[in-house]
Amino acid sequence: MTKKIVYLASVALPVLIAMVLLAAASSSVAANAQPSAATAGVKIDNFVFGPQTITVPVGTTVTWTNADDIPHTSVSTEGVFKSKVLDTDEKFSYTFTKAGTYPYYCTIHPKMTGKVVVQ
């Protein structure tokens, strides 16, 4: 009888451990499968948008931060988004919900240009 209990325990214990590990792994996968909000940044400094072209996935929020000593804007050439005039350290954010290429520029300094590529 003792051999049967030992045998049963030696079989049941690994099965129980495997079930617990599978349950933990599946809940971990489920938690990681939920999409997280993506973010990206563009720094405005020395009359340049940096990076000049940024590629992001659909659903990403891009934030422009003016690190320059003078005001700038970030305005879509196709009217998709438009910031207010940003003073030093001010930010503007826009969430891209559709794939495409979004060129933009500074309305105060039109030679300042950039592009957001959404995939």
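The numbering of the sequence shown is the working numbering, which starts it at 5 and goes up by one. C-beta atoms are modelled at their ideal positions from N, C-alpha and C, and glycine is treated no differently. As the structure is a computational prediction, the values presented were derived from the model and not from experiment.
Inter-residue Cα distance where the pair is residue i and residue j
i: residue 109; j: residue 52; result: 10 Å
i: residue 78; j: residue 72; result: 13 Å
i: residue 94; j: residue 49; result: 12 Å
DSSP-derived helix/strand/coil call for residue i
i: residue 46; result: strand
i: residue 62; result: coil
i: residue 76; result: strand
i: residue 3; result: It is not possible to answer for residue 3, since the shown part of the chain is limited to 5 through 123.
i: residue 92; result: coil
i: residue 84; result: coil
Cβ neighbours of residue i in the same chain (closer than 7 Å, five flanking residues each side left out)
i: residue 84; result: 106
i: residue 81; result: 107, 108 and 109
i: residue 30; result: Model confidence at residue 30 stands at a pLDDT of 44, short of 50, so the residue's coordinates are unreliable and nothing is read from them.
Close Cβ partners of residue i (< 6 Å) along its chain, the five nearest in sequence each way excluded
i: residue 118; result: 53, 56 and 108
Neighbourhood of residue i by C-beta distance below 8 Å, restricted to the same chain and skipping five residues each side
i: residue 103; result: 62, 122 and 123
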